[in-house]
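Report on the structure given below.
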Amino acid sequence: MELQGKRVTVFGLNRSGVAAAKLLRRYGAAVTVTDTRPAEALSAEIAALNAFLKSDETCNLYRKFFDGHPADCIADANFIVVSPGVPLNIPILRDARAQGLPILGELEVAASVCPAPIVAITGTKGKSTTTLLTAAILKAGSQFPNICIAGNIGVPLAAEVQKLTSKDIVVVEASSFQLESTVTFHPRVSVVLNLSRDHLDRHRTMSAYQAAKQKISDNQTSADWIILNSLDAAVKDFEASTPAKKVYFTDSGTPEDSSFLAVFREGSELFSQWNGTRKRICDIADIPLRGAHNVQNTLAAIAVGLIFDVSETQIREALQHFDRSHPALSHAFEPVRTLTGVEFIDDSKATNVAAVKAALESIKDAHIVLIMGGYDKGNDYTPLREIVQTRVKAAVMLGEHTQQIEKTLADTTEIIKAKTMAQAVQVAYKLASPGDVVLLSPANASFDMYTDYKARGANFKAAVDALQPLH
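So the mapping is simple: the numbering used here equals the position in the sequence shown, first residue as 1, plus 59.
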């Protein structure tokens, strides 16, 4: 991508927007930034940009528009870069498209100048975990001087690319918001974990959501690889859309199509099968994270390792010594406390139905009191009915938009409403018996009550820590 001398407007001054603006200036572009928030709310971001750019506004190298997106912000732009949180259908971007202006994402721009090969991981759930597991496995292989972790996991790729060489490798967590604004994005390896209904408040339809995800492999060739969940019908659709070499994973026996490379679970062990040769990788006990869903995440990460010639022994050691302290693993099926025989689990990161279903399936030998609710992104809660009926003794609803959940689950379990997290935790604890699990797994975003899922999870942990024994 030619950036020298281009005039670029960056929409959204979150981490991705700031990183994109800096990257664009490094490559000689004239940058305009715009955000709907007032300048006072962006003082830290503006200070960071000013310090980096050493701007001289008389030279038109750096312009700022806040409190909205006026027409002037794109008046002389050659193209536009959007942060992931900026919807592509806002009026100013519709106007830009009508004028023929290209609209690209931060991931697209950063990847276009990235010298290192990219492993891109997407899916409705499990992206962060799989990204970290993959990086740990690649590090154990010692083939790459530097393994960079970037993307939706919290570090924009634009902030990292200039530190990389062609000998390094990047593991990118790619969300649908990032992928939908890509054009030439071309990972060496793409991973599609699963696909289920999510973010329909933005994408509107499931087909649009899937189309955004499918951009992960649009530009792959027969020299590339795509790793697919063989048990997910929507994921299987990806195999026909790319000439990349197919690798399959499953936690339920050998995949049907395992003629080339497959990674799978049989009983309590994980195996690979490459060109007909089966090798044992590890035991389920070697997986460092709880939950049946993390078996699938681990299988996908193992597949990436095998593609890059990481040995079975190195993979097993990477799993056994995996560092679980990364912030991205907080609030993801995270044990908090056991009080009088009742275990409390923080799964605040479960912001869609598929993630809640996976969490419930992972608790096999206990009754569950489930805390859920929040900002509804257009969810269909029907897939939860059967498992709630069989495993959930009560559901505590927290948040402004719980009517649809209550309606869908009305005859499956006892439903109680709470106004605060502290009240929800207290009610759940009173309903639980020794041996039960109180699970925060909301199925919704947190924006009705919190800034993000982390704040919600922290509030849950604080409420649990404040509990006094009842039993």
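Ideal Cβ positions, reconstructed from N, Cα and C, are used throughout, including at glycine. Note that the structure is a prediction, hence the values are computed from the model and not measured.
Look at the alpha carbon of residue i and the alpha carbon of residue j, and state the distance between them as a whole number of angstroms.
i: K436; j: A271; result: 16 angstroms
i: P347; j: C341; result: 12 angstroms
i: Y509; j: R515; result: 6 angstroms
i: S240; j: D524; result: 42 angstroms
i: E104; j: G76; result: 9 angstroms
i: A469; j: K513; result: 29 angstroms
i: F138; j: V69; result: 9 angstroms
i: E116; j: T91; result: At E116 the pLDDT is 49, less than 50, meaning the model places this residue with poor confidence and gives no usable figure here.
i: K81; j: R74; result: 11 angstroms
i: F381; j: Q527; result: 34 angstroms
i: C118; j: K65; result: At C118 the pLDDT is 46, less than 50, meaning the model places this residue with poor confidence; the figure from the coordinates comes in the next sentence. Approximately 14 angstroms between the Cα atoms of the pair.
i: N531; j: I285; result: Nothing about residue 531 can be read from this structure; the chain reaches only from 60 to 530.
i: A267; j: S235; result: 10 angstroms
i: M456; j: M431; result: 5 angstroms
i: V484; j: L108; result: 42 angstroms
i: F297; j: N334; result: 22 angstroms
i: S225; j: L499; result: 43 angstroms
i: A517; j: D511; result: 10 angstroms
i: G494; j: V395; result: 15 angstroms
i: G350; j: E402; result: 15 angstroms
i: L290; j: V369; result: 25 angstroms
Taking 8 angstroms as the threshold (C-beta atoms), are residue j and residue i in contact?
i: V178; j: V242; result: no
i: I474; j: A454; result: yes
i: L419; j: R450; result: yes
i: N205; j: L252; result: no
i: T357; j: L147; result: no
i: G164; j: P150; result: no
i: I196; j: I361; result: yes
i: D405; j: K520; result: yes
i: E376; j: A199; result: yes
i: V250; j: C173; result: no
i: A299; j: A78; result: no
i: Q448; j: T471; result: yes
Measure how close the beta-carbons of residue i and residue j come, nearest whole angstrom, since I'm counting them as under 8 angstroms.
i: R96; j: F125; result: 7 angstroms
i: A387; j: I212; result: 5 angstroms
i: V294; j: L254; result: 5 angstroms
i: K222; j: F244; result: Rounded, the Cβ-Cβ distance is 20 angstroms, inconsistent with contact.
i: G532; j: D507; result: Given that the chain is displayed from residue 60 to residue 530, the structure contains no residue 532 and the question cannot be resolved.
i: K416; j: I446; result: 6 angstroms
i: A169; j: V220; result: 5 angstroms
Just to confirm, does residue i get its C-beta within under 7 angstroms of one of the non-hydrogen atoms of the ligand NAP?
i: T397; result: The ligand NAP is not among the ligands present in this structure, which contains no ligands whatsoever.
>> List, from N- to C-terminal side, the beta strand (DSSP E) runs of 3 residues or more that fit wholly inside the segment 266-323.
In response: 284-288 and 304-309
> What are the uninterrupted segments assigned as alpha helix (DSSP H) that are 4 or more residues long and contained completely in the segment 234-261, given in chain order?
Replying inline: 235-238
>> Quick check on the DSSP output: what are the complete beta strand (DSSP E) runs of length 3 or more inside the segment 87-150, in order along the chain?
In response: 89-93, 121-124 and 138-141
> Along the chain, which unbroken stretches of the alpha helix (DSSP H) at least 4 residues long are found entirely within the segment 391-468?
Replying inline: 412-421, 444-450 and 462-468
>> If contact is defined by three or more beta carbon pairs under 8 angstroms, each pair taking one atom from either stretch, is the segment 133-153 in contact with the segment 176-194?
In response: no
> Per the contact definition of three or more C-beta pairs closer than 8 angstroms, is the segment 321-330 in contact with the segment 358-375?
Replying inline: yes
> Are the segment 480-489 and the segment 375-389 touching, with three or more C-beta to C-beta distances below 8 angstroms?
Replying inline: no
> Could you give the uninterrupted runs of the alpha helix (DSSP H) lying entirely in the segment 157-195, keeping only those of 4 residues or more?
Replying inline: 165-171
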